[in-house]
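One structure is given here, and the rest of the page talks about it.
Protein chains: 2
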Amino acid sequence: MTLTLYSYWRSTAAYRVRIALNLKGLDYETKAVHLVKNGGEQHQAGYREVNPQGLVPSLVTEDGHVITQSMAILEYLEEYQPAPSILPEDAISRAHCRAAAQTVVSDIHPLDNLRVLQYLKKQGWQQDRVDTWYAHWIHEGFKALEQQASSGKTQFMHADYPCISDICLVAQIYNANRFQVPLNAYPRLTEIYQHCMVLDEFIKASPEQQPDAPEVLA
Amino acid sequence: MTLTLYSYWRSTAAYRVRIALNLKGLDYETKAVHLVKNGGEQHQAGYREVNPQGLVPSLVTEDGHVITQSMAILEYLEEYQPAPSILPEDAISRAHCRAAAQTVVSDIHPLDNLRVLQYLKKQGWQQDRVDTWYAHWIHEGFKALEQQASSGKTQFMHADYPCISDICLVAQIYNANRFQVPLNAYPRLTEIYQHCMVLDEFIKASPEQQPDAPEVLA
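Top to bottom, those sequences are chains A and B. Taking the numbering used here, the leading residue of the first sequence gets 1, the next gets one more, and so forth. Taking the numbering used here, the leading residue of the second sequence gets 1001, the next gets one more, and so forth.
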C-alpha cells in the first residue's frame, strides 16, 4: 500500500499537500476529484464517503485512514516522516511559521475559494465585484505576511529550508496570479516564491504538472 | 514575567486560547483590545505594533515573543507545556483532531467573523441576508463535524479529555448561539459541548467571565 491523495489540479489546498509530499520524498497515488465538472464531483456520494465535507484534499494513509484538511495533513506528514522537516527547529520560529501558514489558510483562502465565490455569484454579484472581494482578502493577508516575512534573515520565510509557511504562500501566490492580483507591493514574498519555484519538489507539485490538468496547458 | 494575552471577551479565536491556557493551568495577564469601540482598537497603531494583521488574539511569551493566530498559539502551548495534553495520544487521532479544529478555524469562522460581516454590510446587505450567510457556513461545517464526531467512542470529540477540536467547537457553538442558529441537528456536538461546559477551565474562559465583558452581563 502507498499513500493516496484525493486532489484537484487547481485546488490551492491540494497543492499544499502535493508540495509537502514531494519535500518529504513520499510516493503517492493521485485520485482526481473534478471540482467543476458535473456540478462538482466533490459533492457526489462516492467522494462524500471519503470526505463528508466534500472538500479536497483528502489523504488516505497506508493503513486506510482518511485525513482531511491540508494543515492537519501537513502536521501528520511531519510526524509520519520527520526528515526532512517542514517546520523550523526552535519553538518560537515554529510558532511564527504556523501562524504565517494560518494567515493564508484561515484568513485568505477560505474567503477566496470556489464555494464562496459561487455563493456570492448566486447572490447576484457581477464578476468585478467578486474580483474586488477576492483581491481585498489577498491584500489584507499579504500585507501582514510581507511585514512578518521581512523581519527574518533566512532564505525562506522561517528557515533556510522550505517549511509549511512557504508551502502555503506558494499555493496562494499561484492562486493570486490566476486572478491577476498585482503583487508588486510584496517584494519579500515574491522573493521567497522565486526561491521555492526553482526546486523540483515545488515544480512537480504545480497545478499544470498534475495528471488531471487539461492537456491544453501541458 | 508571565504570559500576556491580547484578547477581546467575545472573540471566538481569543476564547479558544483562553480555554487552552486554563486547561494547561498557565497563568496569564489579559490585555483587552476592544474590537468595536472607536472603530476597533485592533486597527490602531499601538496594537498593530504587536500584531500587524490587527486581529486578536496575540500571545506574548515569557521572553517577549509575540505569537499570533489561535491555532499556532495552541500548538505552541502544547510544546511549551506538554502536560496535560490538548492533543490525542496516537497519530491518526491527532490528525483527525487537528482536521476537526481546522474545519472550525478555516471553514466556518473566517466566513462568519466580524470583519467579513462588516464587509458584506458595506455592500448593502441587510441583516437577514447576513444572517443567512452566517448560518449557511455554520451548517456546512457542523454537518461534517457531527458526522465525524459521531463515529468516535470517546467522551470528548477525539479523546477522553478535552483537545483542540473540543476547544474550537465550544467557541464556535457560543458564537452560533449568539447568532441564534438552531443546533438541534447536531446532537453529538451538543453533547460534547455540554461535557466541556461543566469544566472550570471552560467556564472561566467564557466571554461573560472576562475582565473586559460589559458589566451588565456579569
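For glycine and all other residues, C-beta sits at the position ideal for the given N, C-alpha and C. Everything numeric in this text was worked out from a predicted model, so none of it was measured.
Under the DSSP assignment, residue 32 of chain A falls in the beta strand (DSSP E) whose first and last residues are 28 to 32.
Residues are counted here when their Cβ sits less than 8 Å from a Cβ of chain B; for the segment 161 to 190 of chain A the count is zero. If only complete runs of 4 or more residues are kept, the segment 1029 to 1072 of chain B shows the alpha helix (DSSP H) at 1045 to 1050, in order along the chain. Its chain contains 110 as the residues whose beta carbon lies nearer than 8 Å to that of residue 116 of chain A, once the 5 sequence neighbours on both sides are disregarded; these appear in chain order. Residue 65 of chain A reaches chain B at 1092, counting residues in chain order whose Cβ is nearer than 7 Å. Our two residues, residue 82 of chain A and residue 57 of chain A, have alpha carbons roughly 21 Å apart in a direct line. Taking C-beta separations shorter than 8 Å and ignoring five residues to either side along the sequence, the partners of residue 1089 of chain B in its chain run 1159, following chain order.
Assigned with DSSP and collapsed to three states, residue 1004 of chain B falls in strand. In the DSSP assignment, residue 1186 of chain B falls outside any alpha helix (DSSP H) and carries neither an H nor an E.
Residue 1028 of chain B and residue 1086 of chain B have their alpha carbons spaced roughly 18 Å apart. Interface with chain B (8 Å Cβ-Cβ cutoff): residue 105 of chain A is included. Neighbours of residue 1116 of chain B across chain A, judged by C-beta separation under 8 Å: 111. For the 8 Å CB-CB criterion, residue 1120 of chain B and residue 1133 of chain B form a contact. Scanning the segment 124 to 190 of chain A from its first residue to its last, the whole alpha helix (DSSP H) runs of 4-plus residues come out as 127 to 150 and 164 to 178. DSSP places residue 1105 of chain B within a helical segment (H, G or I) once states are collapsed to three. Against chain A, the CB of residue 1052 of chain B has a partner CB under 8 Å away; the residue lies at that interface.
Residue 2 of chain A is classed as exposed because its beta carbon has fewer than 16 other beta carbons within 10 Å across all chains shown. Residues of chain A with a Cβ closer than 9 Å to the Cβ of residue 1075 of chain B are, in chain order, 75, 94, 95 and 98.
Under a criterion of Cβ atoms nearer than 9 Å, the residues of chain B adjacent to residue 79 of chain A are, in order, 1091, 1094 and 1095. By the rule that beta-carbons nearer than 8 Å mark a contact, residue 157 of chain A does not touch chain B. In the assembly as shown, residue 96 of chain A is a buried residue. Its beta-carbon has 16 or more other beta-carbons within 10 Å. When the beta-carbon positions are compared, residue 164 of chain A and residue 193 of chain A stay at least 8 Å from each other.
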